[in-house]
Amino acid sequence: MDSITVKNFRCFGEEQTVPLAPLTLLVGENSTGKTSFLALIQELAWVGYGEVPPNFKRAPYDLGSFGEILHDPGDMSSRLESFEAGFTRNLDGGSGNHSDDNGRTIEFRARFENRQGVPFPVRRRLGDGTNWIEHSIGAEQQKDVIQSKAGDKTVDATVSGPRPGFGDDLLPLSFAARIAGHASVHTDDENGEENSEVEEILRRLVLDDFGQVSETRPPFASAPVRSRPSRTYDPADVFRDSEGEHTPTYLARMSMLGGVEWEKLQNRLIDSGRKSGLFDDLKIERFGDSEGSPFQIHVRKLGSGRDGQFRNLVDMGYGISQSLPILTELLRDDSPNAFLLQQPEVHLHPSAQAALGTLFCNVASSGKQIIVETHSEYIVDRIRMEIRDQKTDLQPEDVSVLYFERGENDVRIHPIRFDEMGNVMNAPDGYGKFFMDEVNRSLGI
Numbered sequence: 047m048d049s050i051t052v053k054n055f056r057c058f059g060e061e062q063t064v065p066l067a068p069l070t071l072l073v074g075e076n077s078t079g080k081t082s083f084l085a086l087i088q089e090l091a092w093v094g095y096g097e098v099p100p101n102f103k104r105a106p107y108d109l110g111s112f113g114e115i116l117h118d119p120g121d122m123s124s125r126l127e128s129f130e131a132g133f134t135r136n137l138d139g140g141s142g143n144h145s146d147d148n149g150r151t152i153e154f155r156a157r158f159e160n161r162q163g164v165p166f167p168v169r170r171r172l173g174d175g176t177n178w179i180e181h182s183i184g185a186e187q188q189k190d191v192i193q194s195k196a197g198d199k200t201v202d203a204t205v206s207g208p209r210p211g212f213g214d215d216l217l218p219l220s221f222a223a224r225i226a227g228h229a230s231v232h233t234d235d236e237n238g239e240e241n242s243e244v245e246e247i248l249r250r251l252v253l254d255d256f257g258q259v260s261e262t263r264p265p266f267a268s269a270p271v272r273s274r275p276s277r278t279y280d281p282a283d284v285f286r287d288s289e290g291e292h293t294p295t296y297l298a299r300m301s302m303l304g305g306v307e308w309e310k311l312q313n314r315l316i317d318s319g320r321k322s323g324l325f326d327d328l329k330i331e332r333f334g335d336s337e338g339s340p341f342q343i344h345v346r347k348l349g350s351g352r353d354g355q356f357r358n359l360v361d362m363g364y365g366i367s368q369s370l371p372i373l374t375e376l377l378r379d380d381s382p383n384a385f386l387l388q389q390p391e392v393h394l395h396p397s398a399q400a401a402l403g404t405l406f407c408n409v410a411s412s413g414k415q416i417i418v419e420t421h422s423e424y425i426v427d428r429i430r431m432e433i434r435d436q437k438t439d440l441q442p443e444d445v446s447v448l449y450f451e452r453g454e455n456d457v458r459i460h461p462i463r464f465d466e467m468g469n470v471m472n473a474p475d476g477y478g479k480f481f482m483d484e485v486n487r488s489l490g491i
């Protein structure tokens, strides 16, 4: 995603559109909507192309019911009934401000209303500036109305009764595009024409170059506090979860498979562990030869004499076990294209926090998108220095800082950029004020 639009959602009142980059940092005081913003991104990824309604209680977030999610304007005479949100995405297959040769950008917008206490997208619109398709649901849930425009042709189609294979879930936009392509097509000169070209144009909005529905893999979202380490693990599911419960079993299975893939991941983890000062070596200790055998995770921290011994993960500092799930997800080859990270600096020494900033730059410059909610100035400063020193391929325009500032009755999001020397640009007065006040106080100014 390259930008997010939000209106009447949680603490955000008036409509705002803010840019996202390959690496985006969300900063600001507590309770200014940063976590709500991450939850919105996660659900937009589902509702933009998915077949299921959004769930604003989906882990690791819990925003409550519709009434708790709808913005409260603080004026009883201005009762709101819906909120809106959307995103843009460039069609070069990546993120950031780099569009493809045609300069085509997908625009998605949804309006959410109350349905049995939860937000439901009663209208979704997807377009590229020339062509668009809109799916709306009336008061009767089983009645879907599809409106679309492809070139000079417009389409109106209605789907009544049970939807084939979708039940009460959302009608996928890819399916809606197919219906529109075979519905009555109206042009300036013709009526009632059926034209497969309409379907082809509309389906381009929702299909990638391989004919698959675009953006079907949701971003990986991490919780602010990850799972506690165990002395011994029993193999479990390896489905990704926000607290990293799956990480030990995933590492154990990769270790048992061995080969190039495990060696590559193990070396990446060890390299990140050394650069952050967390650990210098990592291995899986098995108690049996089968996949169901229990196992332990052992790490080693080398001293000046390089004589460190392997120790159980549970006997090491808490920062290692808290950072290992994030490191693993960022470094595995089959990771998703986007990450939503909440306070990855928890339990980490400032040097390890700074090393995370370098890792974020490296991962973002490889084509992934990382959106980080953080209170760590060490992460922000390291990213500024990486831009200045050109240690990675990340350019100044590939990094965005979103500063969340509380107003009288809502929150405004201020986009901040860095220049080529890592200097902060376009920062509002409130940005960094606390840190400057603390420095001045320490100097007796």
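Residue numbers (our numbering): 47 to 491. All C-beta atoms, glycine included, are put in the ideal place defined by N, C-alpha and C.
Using three-state DSSP, classify residue i as helix, strand or coil.
i, result
"ARG434", "helix"
"LEU86", "helix"
"GLU153", "strand"
"MET471", "strand"
"GLY94", "helix"
"TYR296", "helix"
"GLY257", "Summary for GLY257: the model assigns pLDDT 48, below 50, so the residue's position carries little reliability; its value from the coordinates is reported in the next sentence. Three-state DSSP puts GLY257 in coil, outside helix and strand."
"VAL52", "strand"
"GLN342", "strand"
"SER128", "strand"
"PHE333", "coil"
"GLN415", "strand"
"VAL360", "helix"
"PRO65", "strand"
"ASP235", "Any reading at ASP235 needs caution, since the residue's pLDDT is 49, under 50, leaving its predicted position unreliable; the model's value is listed next. Reduced to three states, the DSSP call for ASP235 is coil."
"ARG249", "helix"
"ASN136", "strand"
"ALA202", "Note that residue 202 corresponds to Asp in the displayed sequence, not to Ala. Reduced to three states, the DSSP call for ASP202 is strand."
"ALA410", "helix"
"ASP326", "coil"
"GLY490", "coil"
"LEU109", "coil"
"SER381", "coil"
"SER268", "strand"
"SER145", "Caution applies to SER145, whose pLDDT of 41 falls short of 50 and renders its modelled position unreliable; the value that the coordinates give is listed next. It is coil, neither helix nor strand."
"ASP121", "coil"
"ASP280", "coil"
"GLN312", "helix"
"SER273", "coil"
"GLY305", "helix"
Taking 8 Å as the threshold (C-beta atoms), are residue j and residue i in contact?
i, j, result
"ARG277", "VAL360", "yes"
"ASP450", "LYS80", "Looking at the sequence shown, residue 450 is not Asp but Phe. In contact: PHE450 and LYS80 (Cβ atoms closer than 8 Å)."
"THR374", "TYR296", "yes"
"ALA85", "PHE102", "yes"
"ILE192", "ALA226", "yes"
"LEU174", "ARG150", "It is worth fixing the name first, because residue 174 is Asp in this sequence and not Leu. Yes, the pair counts as a contact, with Cβ atoms nearer than the cut-off."
"SER53", "GLU153", "Checking the displayed sequence, the identity of residue 53 turns out to be Lys instead of Ser. Not in contact: LYS53 and GLU153 (Cβ atoms no closer than 8 Å)."
"PHE325", "LYS310", "no"
"ALA298", "PRO281", "yes"
"SER301", "LEU377", "no"
"SER268", "ILE372", "yes"
"PRO165", "PRO119", "no"
"HIS181", "LEU219", "yes"
"VAL64", "ILE462", "no"
"ARG155", "ARG171", "yes"
"VAL409", "VAL73", "no"
"ASP439", "SER411", "yes"
Per DSSP, what are the beta-bridge partners of residue i in this structure?
i, result
"PRO167", "PHE158"
"LEU217", "Answer is none; LEU217 lacks a bridge partner."
"TRP178", "GLY173 and LYS195"
"THR78", "Note: THR78 sits in no beta bridge, so no partner."
"GLU400", "For the sequence presented, residue 400 should be read as Ala rather than Glu. Answer is none; ALA400 lacks a bridge partner."
"VAL73", "TYR449"
"ARG458", "GLU451"
"LEU116", "PHE55"
"THR420", "DSSP lists no partner for THR420."
"ALA226", "ALA226 pairs with nothing; no bridge assigned."
"PHE464", "VAL470"
"GLN388", "GLU419"
"ILE183", "ASP190"
Thinking residue i and residue j are a contact (beta carbons under 8 Å), I'd like their distance in whole angstroms, please.
i, j, result
"ALA203", "ALA229", "4 Å"
"LEU66", "ASP48", "6 Å"
"LEU370", "THR420", "At roughly 18 Å, the Cβ-Cβ gap does not stay under 8 Å, so LEU370 and THR420 are not in contact."
"PHE266", "SER381", "7 Å"
"GLN388", "PRO270", "4 Å"
Please determine if the stretch 447-454 and the stretch 107-117 are in contact, where contact requires at least 3 C-beta pairs separated by less than 8 Å. no
The stretch 423-435 / the stretch 394-405 touching (three or more Cβ pairs under 8 Å): yes
The stretch 51-65 contacting the stretch 393-400, beta-carbon criterion three pairs below 8 Å: no
Evaluate contact between the stretch 245-254 and the stretch 324-343, counting only Cβ atoms and requiring at least three cross-stretch pairs below 8 Å. no
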